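Here UniProt numbering is used: position 70 in the sequence shown is 70, and no number is missing along the way.
Using N, Cα and C, we set each Cβ at its ideal position, and we do this for glycine too.
Quick caveat, the model's predicted, so the values are computed rather than measured.
Worksheet for the structure shown next.
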Amino acid sequence: MTDNEFGQIFPLGAPNDAYAQYFIGQSYLAPLAGGSVPVSNVSFEPGCRNNWHIHHGADGGGDQILMCTAGSGWFQAEGEEPVSLEPGTVIRVPAGTKHWHGAKADAWFSHLAFITPGEGVSNEWLEPVTDEVYDALPKNGENA
Numbered sequence: 001m002t003d004n005e006f007g008q009i010f011p012l013g014a015p016n017d018a019y020a021q022y023f024i025g026q027s028y029l030a031p032l033a034g035g036s037v038p039v040s041n042v043s044f045e046p047g048c049r050n051n052w053h054i055h056h057g058a059d060g061g062g063d064q065i066l067m068c069t070a071g072s073g074w075f076q077a078e079g080e081e082p083v084s085l086e087p088g089t090v091i092r093v094p095a096g097t098k099h100w101h102g103a104k105a106d107a108w109f110s111h112l113a114f115i116t117p118g119e120g121v122s123n124e125w126l127e128p129v130t131d132e133v134y135d136a137l138p139k140n141g142e143n144a
């Protein structure tokens, strides 16, 4: 796999080993900007997804912004329908929302991810997205 095999405009990055326990499948992490609002490019091999998780924060902090840059993926907030992510899709995940995101079963996927700064910003990793939930998602060519 090269950085550009699926139209990737940002670096693929290194295997995301530090967070591997919170993913099913292989993800890659490429930090792009540091400072008070770090931005990373996160790439997912086909079928890779992260666990359910919650970003916490107060005073406007802790919201997560996901900007799909390449490939095709899924986002799902607890109790809501899955959202298909294609290049150009932007998702705002309010702090306190249980959710997951990852690649579709047959596609690589990349997004830029950042968390809005604020008081008490933290991340709580939860249970994996089960194969039963993931396998029930629409397949290639189907709508969510």
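Exercise for review: Go through its chain and collect everything with a Cβ distance to I54's Cβ below 6 Å, but skip five positions before and after it.
Suggested key: Here residue 54 refers to the residue found at position 54 when the sequence shown is read from its first residue. Taken in chain order, the residues that qualify are K98 and E124.
Review point. Which residues in the same chain have their Cβ closer than 7 Å to the Cβ of G71, if we skip the five residues on either side of it in sequence?
Key: On the sequence shown, position 71 is the one that residue 71 refers to. Taken in chain order, the residues that qualify are F6, A103, A107, W108, F109 and S110.
Review point. Which residues does DSSP pair with W74 in a beta bridge?
Key: Locating residue 74 in the sequence shown gives position 74, counting from the first residue. DSSP lists S84 and G102 as partners of W74.
Practice item. Measuring alpha carbon to alpha carbon, tell me which of A33, W100 and P94 ends up nearest F44. Key: Here residue 44 corresponds to residue number 44 of the sequence shown, with the count starting at 1. It is W100.
Check your understanding: Based on Cα-Cα distance, which residue from F114, G118, A105 and E127 lies nearest to A33?
Key -> The residue given as residue 33 occupies position 33 in the sequence shown. Minimum Cα-Cα distance from A33 among the listed residues F114, G118, A105 and E127 corresponds to F114.
Review point. Whose C-beta lies closer than 7 Å to the C-beta of P31 among residues of the same chain, with five residues either side of it excluded?
Key: The residue you call residue 31 lines up with position 31 of the sequence shown. Excluding positions up to five away in sequence, the list reads P38 and S40.
Review point. Alpha carbon to alpha carbon, what distance is there between R92 and L66?
Key: Here residue 66 refers to the residue found at position 66 of the sequence shown. Here residue 92 refers to the residue found at position 92 of the sequence shown. Approximately 7 Å between the Cα atoms of the pair.
Review point. Roughly how many angstroms separate the alpha carbons of V129 and S36, rounded to a whole number?
Key: As a first step, residue 129 must be located in the sequence shown, where it is residue number 129. As a first step, residue 36 must be located in the sequence shown, where it is residue number 36. Approximately 30 Å, taken between the alpha carbons.
Point to revise | Residue(s) in a DSSP beta bridge with W125 | key: Within the sequence shown, the letter at position 125 stands for residue 125. DSSP output for W125 lists H53 as bridge partner(s).
Check your understanding: Distance, Cα to Cα, Q26 vs A58?
Key -> In the sequence shown, the residue the question calls residue 26 occupies position 26. In the sequence shown, the residue the question calls residue 58 occupies position 58. Cα-Cα distance, rounded: 32 Å.
Review point. Looking at V121 and G61, is the spacing between their C-beta atoms short of 7 Å?
Key: By 1-based counting over the sequence shown, the position of residue 61 is 61. By 1-based counting over the sequence shown, the position of residue 121 is 121. Against a cut-off of 7 Å, the Cβ pair of V121 and G61 comes out as a contact.
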